[in-house]
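Engineer: Got a structure here, written out as structure tokens. Questions coming.
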Amino acid sequence: MKGLLNCISMTLLFSLSAQKNLTPVACSEFTGLEFNGRPLKDTRSFFVGLAKTTLELETGPDTVSDLEVFVWPNRGGLKSDSELWLNSVIHNLDSLGWKLRTSERDHSFMYLEKVVQHLIMYYAPGKNEANVYFGKLNIPETPEIPVQDEAFSVTEPDTVITTVVFSNSNASLVGKWGTLAGAKVNRQDSSTGYMVVSGVSKGFGLEFRQDGTFLHVTVVTSGRPNYRVFVTTEGKWSAIAGEVNFYPTDRHYRKWENEIIMADEHSVPDPYMMYWRKGENIYTGESCLYVRYPDEKQERELCSE
């Protein structure tokens, strides 16, 4: 606790004369880690949103509740310097007693655990900067399992196989919704001269087909740090008023860093659901689909392609 209070005090001290929403800091409040060097903590909503999307590509939608986003300016211009700085971050986390586990699917992600704290970390070295994101994971409480009396026998229920049948009443959903082209941004910090982020784009799209199959696409790309992530999920769908259910048969995850493919994997995720409604964009009059996951408060607007 003392280390965390020192971290908060030092962060406030460095925040007094800092640029709004891009602040030199001494440590991470989530982890209690004191940094070697002074990274910049980025609290701008666009970049925090990008970081959340990046982390949830590893952990799944609606799994990250709060974030810390750090950028370490690499004044030497060598990627090896960024790698050394990130190695010091990982080493110091280990020294603080965090249990570290690298993602088997993508080594850019690491799970952190300490007592009842659970975090996900993303890290990326570059020639001009190193990036570190910390996210607090929503870990559901494990329900208590009642102890059964030895004389009480439990009969396993028969396996229920759900068959998805397309209904003409859902025909209004059929079509392509959303876009894979996000607004690209090039931002330079006028006080330091460093390019904070370059070529960021995000995409989210859904295609509902007449035969009852679907395609769900999520895309995140960034010029700095240089990575591209494409996630496509296919399967069957069914819908009732206000709810659409997805029954995946394949999820394809691909990631490139500096134009080198780092992951290319297939899996079969669990079924999931979204709330949906139809409407029009108030500015363009386009027909749009408005969707959100059960734990989300804000809808995503996906207009017809």
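Sequential numbering from 105 applies to the sequence shown in my numbering. Beta carbons are placed, not taken as given, at the ideal position from N, Cα and C, and that holds for glycine.
(1) Quick check on this structure: which residue in V333, L277 and G181 has the alpha carbon closest to the alpha carbon of I364?
(2) Can you tell which of Y351, Y376 and I386 has the C-alpha that lies nearest to the C-alpha of D399?
(3) Run the CB neighbour count on S132, radius 10 Å, all protein chains shown included, and call it buried at 16 or more, exposed below.
(4) Going by DSSP in three states, L223 sits in which element: helix, strand or coil?
(5) For F350, which option in G339, L161 and G164 has the closest C-alpha, if you only look at C-alpha atoms?
(6) How big is the Cα-Cα spacing for Q314 and T336?
(7) Report yes if the CB atom of L96 is closer than 8 Å to the CB atom of I243, and no otherwise.
(8) Kindly indicate the opening and closing residues of the alpha helix (DSSP H) around D170.
(9) CB-CB under 6 Å to Y227, same chain, minus the five flanking residues each way: which ones, in chain order?
(10) For Y387, count the other beta carbons within 10 Å of its own beta carbon; 16 or more makes it buried, fewer makes it exposed. Which is it?
(11) To which residues does DSSP link G136 through a beta bridge?
(12) Give the straight-line distance between the Cα atoms of A130 and L188, rounded to the nearest whole angstrom.
(13) Could you compute how far the alpha carbon of M366 sits from the alpha carbon of G181?
(14) Excluding the 5 residues flanking I265 on each side, which residues of the same chain have their C-beta closer than 7 Å to its C-beta?
(15) Report all residues from its chain with a CB closer than 7 Å to the CB of E369; omit the five preceding and five following residues, and keep chain order.
(16) Could you tell me the alpha carbon to alpha carbon distance between T127 and K145, rounded to whole angstroms?
(17) Mark G346 as exposed unless 16 or more other C-beta atoms lie within 10 angstroms of its C-beta, in which case mark it buried.
(18) Could you name the residues of the same chain whose beta carbon sits closer than 8 Å to that of T353, not counting the 5 residues immediately before and after it, in chain order?
(19) Quick one: measure Cβ to Cβ for L171 and G239, integer angstroms, because I've assumed they're closer than 8 Å.
(20) Report buried or exposed for E409, applying the criterion of at least 16 other Cβ atoms within 10 angstroms of its Cβ.
(21) Do you know offhand how far N125's Cα is from T147's?
(22) Specify whether the segment 192–203 and the segment 273–280 touch according to this definition: at least 3 beta carbon pairs, one from each stretch, less than 8 Å apart.
(23) Should T206 be labelled buried (16 or more other beta-carbon atoms within 10 Å of its own) or exposed?
(24) Assuming G141 contacts S186 under a Cβ cut-off of 8 Å, what Cβ separation, rounded to an integer in Å, is found between them?
(25) So, L137 versus N196, is the Cβ gap smaller than 8 Å?
(26) In whole angstroms, what is the alpha-carbon distance linking K306 and V323?
(27) Assign T147 to one of three DSSP states: helix, strand, or coil.
Structural biologist: Checking against the coordinates, here is how it stands:
(1) Measuring from the Cα of I364, the nearest candidate turns out to be V333.
(2) Cα-wise, what sits closest to D399 is Y376.
(3) S132 should be labelled buried.
(4) Three-state result, L223: strand.
(5) Ranking G339, L161 and G164 by Cα distance to F350 puts G339 first.
(6) Rounded to the nearest whole angstrom, the CA to CA distance from Q314 to T336 is 19 Å.
(7) A query on residue 96 cannot be resolved here, the shown segment of the chain reaching from 105 to 409 and no further.
(8) Note, D170: premise wrong, no alpha helix (DSSP H); beta strand (DSSP E) at V168 to P177.
(9) Once the five neighbours on either side are set aside, the close Cβ partners of Y227 are L190 and V236.
(10) Under this definition Y387 is an exposed residue.
(11) None, per the DSSP bridge assignment.
(12) Pairing A130 with L188, the inter-Cα distance amounts to about 18 Å.
(13) C-alpha separation (whole angstroms): 23 Å.
(14) With a pLDDT of 39 at I265, under the threshold of 50, the modelled position of that residue is not reliable, and no figure is offered here.
(15) Excluding positions up to five away in sequence, the list reads R209 and Y357.
(16) Each residue's alpha carbon lies about 5 Å from the other.
(17) Flag for G346 reads exposed.
(18) Same-chain partners within the cutoff: E338, G339, K340 and V372.
(19) Approximately 5 Å separates the beta-carbon atoms of L171 and G239; this is inside 8 Å, confirming the contact.
(20) E409 should be labelled exposed.
(21) Distance between the alpha carbons of N125 and T147: 5 Å.
(22) Too few Cβ pairs lie closer than 8 Å, so no.
(23) Exposed: under 16 other Cβ atoms inside 10 Å.
(24) Contact flag wrong, Cβ pair sits at about 11 Å.
(25) In contact: L137 and N196 (Cβ atoms closer than 8 Å).
(26) Those two C-alpha atoms are separated by around 6 Å.
(27) When DSSP states are grouped into helix, strand and coil, T147 belongs to the coil group.
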